[in-house]
Amino acid sequence: MSKTISILGSTGSIGRQTLDVAQQLHLRVAAITAHASVGRMEEQIRQFHPALAVLTDEAAARDLRARVSDTDTTVVGGFAGLIEAATLPQADTVVTAVVGMVGLRPTLAAIGEKKRIALANKETLVCAGELVMAAAEQAGAEIVPVDSEHSAIFQCLQGCADRGEIRRLILTCSGGPFYGMSYDEVGKMTKEDALRHPNWTMGPKITVDCATLMNKGLEVIEAMRLYRLPLEQVSVVIHRQSIVHSLVEYRDGAVLAQLGTPDMRLPIRYAMTYPNRGENPAEPLDLLSCPPLTFAQPDRTAFPCLRLAEEAAAQGGTACAILNGANEEAVGLFLADRIGFHDIPDLVARARAEVDVVTSPTLEDILEADRLARESVLRKSK
Numbered sequence: 047m048s049k050t051i052s053i054l055g056s057t058g059s060i061g062r063q064t065l066d067v068a069q070q071l072h073l074r075v076a077a078i079t080a081h082a083s084v085g086r087m088e089e090q091i092r093q094f095h096p097a098l099a100v101l102t103d104e105a106a107a108r109d110l111r112a113r114v115s116d117t118d119t120t121v122v123g124g125f126a127g128l129i130e131a132a133t134l135p136q137a138d139t140v141v142t143a144v145v146g147m148v149g150l151r152p153t154l155a156a157i158g159e160k161k162r163i164a165l166a167n168k169e170t171l172v173c174a175g176e177l178v179m180a181a182a183e184q185a186g187a188e189i190v191p192v193d194s195e196h197s198a199i200f201q202c203l204q205g206c207a208d209r210g211e212i213r214r215l216i217l218t219c220s221g222g223p224f225y226g227m228s229y230d231e232v233g234k235m236t237k238e239d240a241l242r243h244p245n246w247t248m249g250p251k252i253t254v255d256c257a258t259l260m261n262k263g264l265e266v267i268e269a270m271r272l273y274r275l276p277l278e279q280v281s282v283v284i285h286r287q288s289i290v291h292s293l294v295e296y297r298d299g300a301v302l303a304q305l306g307t308p309d310m311r312l313p314i315r316y317a318m319t320y321p322n323r324g325e326n327p328a329e330p331l332d333l334l335s336c337p338p339l340t341f342a343q344p345d346r347t348a349f350p351c352l353r354l355a356e357e358a359a360a361q362g363g364t365a366c367a368i369l370n371g372a373n374e375e376a377v378g379l380f381l382a383d384r385i386g387f388h389d390i391p392d393l394v395a396r397a398r399a400e401v402d403v404v405t406s407p408t409l410e411d412i413l414e415a416d417r418l419a420r421e422s423v424l425r426k427s428k
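Sequence positions in the sequence shown follow my numbering and run 47 to 428.
Right under this line is the structure:
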């Protein structure tokens, strides 16, 4: 069980909920990081008294340093601060809740120090999963997933020593706010429409990814890396109620599922207490009052991002880094009202067609693929 944690991305949705769980479990918070959220960081410093606080925006860090000069917290600015927070000696667990490729290097640094990685940054495994898993195995570092779907699978696999017993992993997907719409109907949706997720409260980037179903595509890739299974053994079903968080089908026909309310504090808590389970003050799932549970096939025509992600997963190499980098850039443009909803998959597809794939990539190859994909999207969007 974790005792002292560092949170990379403490001001985002997952980071704030992790602090709630830390308070409930009486965990010490050694370090917190964010990009430029000065006000929220000051609140967190005064409440949790971390030894280290990092803002990657240098100007914001200077402002924060002045505001909390009366505390014992050291404030550091710049990307190097993320590495420092990830490798802080007193922290036994690093919660990677930053969004995007920025989480890759700090995660690798934490792995090098044999930290438990409570992984909420899916892009780390999407872009460099083979490198990350190999590094964790070599260092003896634990990776415990925080995503609700991967936490569900992780829980359903407890006691499964032989991966050959698995027939397939079944990731559930809410379908997002546009479920049931045709391709043409989806294309008319606005940013405000995309940010209205029916079940979960999350940050804007991941909420848009849920609307395009890219989030589920990224989770397919993440599952392949985490559990070292081929694409053929990872499937997706639409489950609107977000009660069944994912399932594992075994070769004897048994299917194990993890159920719970749509509350990210549940998987966060398990990542902190694993292999134990701590008492939870939240209201448990009531099977007698929850709605009927339904399942359906995803529509890859109306939501081509899922298909694009599966194609990148099948290709391997730097294809997934290209996919992810292009998607991050395209979603940023969509959130800035510079492109439409259908432009997201179109720009991702163009970047995948333009950027050459390296079959057996180094870390430098992955970072370069990410850079080239972003350049492609920015060039095509002008």
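Glycine residues also receive a C-beta, built at the ideal position from the N, C-alpha and C atoms.
Computed from a predicted model, the values in this text were never measured in an experiment.
Exposed unless 16 or more other CB atoms sit within 10 angstroms - verdict on residue i
i, result
"L333", "exposed"
"S406", "exposed"
"E375", "buried"
"T408", "exposed"
"G306", "buried"
"N322", "exposed"
"F94", "buried"
"R242", "exposed"
"D109", "buried"
"V178", "buried"
"V377", "buried"
"D193", "buried"
"K161", "buried"
"Y225", "buried"
"G58", "buried"
"D116", "exposed"
"V394", "buried"
"V39", "Nothing can be reported for residue 39, as the shown portion of the chain is limited to 47 through 428."
"G371", "buried"
"R271", "buried"
"E231", "exposed"
"Q90", "buried"
"H72", "exposed"
"E183", "exposed"
"Y229", "exposed"
Cβ neighbours of residue i in the same chain (closer than 8 Å, five flanking residues each side left out)
i, result
"R113", "V84 and E88"
"L339", "H285, Q287, I289 and V290"
"F380", "K237, A240, V254, G386, F387, D389 and I390"
"G363", "V403, V404, T405, S406 and P407"
"P344", "C219, G221, L259, K262, V282, V283, I284 and L352"
Rounded separation between residue i and residue j - CA only
i, j, result
"R111", "L65", "21 Å"
"A359", "T253", "22 Å"
"D118", "L54", "19 Å"
"T236", "M310", "26 Å"
"A348", "E169", "24 Å"
"I60", "M248", "8 Å"
"I385", "P135", "44 Å"
"T218", "T258", "15 Å"
"Y273", "S335", "34 Å"
"E329", "L312", "11 Å"
"L149", "D416", "Here the sequence assigns Gly to residue 149, which means Leu is not the residue at that position. So the two alpha carbons sit approximately 13 Å from each other."
"M227", "A105", "44 Å"
"Q201", "M47", "15 Å"
"G123", "V172", "27 Å"
"A365", "G324", "40 Å"
"R353", "S427", "22 Å"
"P152", "I78", "13 Å"
"Q69", "R62", "11 Å"
"L154", "L128", "11 Å"
"A180", "N326", "34 Å"
"S56", "D298", "42 Å"
"V67", "R425", "43 Å"
"A397", "A367", "11 Å"
Chain B contact for residue i (CB, 7 Å cutoff)
i, result
"R62", "Structure shown: chain B not included; a single protein chain is present."
Contact set for residue i: own chain, Cβ-Cβ below 7 Å, skip 5 residues either direction
i, result
"E356", "G263, V266 and L277"
"Y296", "E211, I212 and R213"
"N261", "I252 and D255"
"G222", "H243, C256, A257 and L259"
"A156", "A132, T133, V140 and I163"
Close Cβ partners of residue i (< 6 Å) along its chain, the five nearest in sequence each way excluded
i, result
"N245", "S220, S288 and P308"
"A198", "H291, S292 and Q304"
"Q279", "R214"
"V145", "K251"
"N167", "T142, V144 and G149"
"A317", "A164, V190 and V192"
* Where are the alpha helix (DSSP H) runs, 4 residues long or more, that stay fully inside the region 98-171, in chain order? -> For the region 98-171, whole alpha helix (DSSP H) runs of length 4 or above, ordered along the chain, are 104-113, 126-132 and 150-158.
* Any alpha helix (DSSP H) of 4 or more consecutive residues that is wholly inside the region 216-297 -> DSSP runs (the alpha helix (DSSP H)) wholly in the region 216-297: 229-233, 237-240, 250-258 and 260-273.
* Asked: Which runs of the beta strand (DSSP E) fall wholly inside the region 327-413 and span at least 3 residues, in chain order?
  -> Runs found: none.
* Asked: Three or more beta-carbon pairs under 8 Å between the region 420-427 and the region 182-194, yes or no?
  -> Inter-segment contact for the region 420-427 and the region 182-194 is absent: fewer than three beta-carbon pairs are separated by less than 8 Å.
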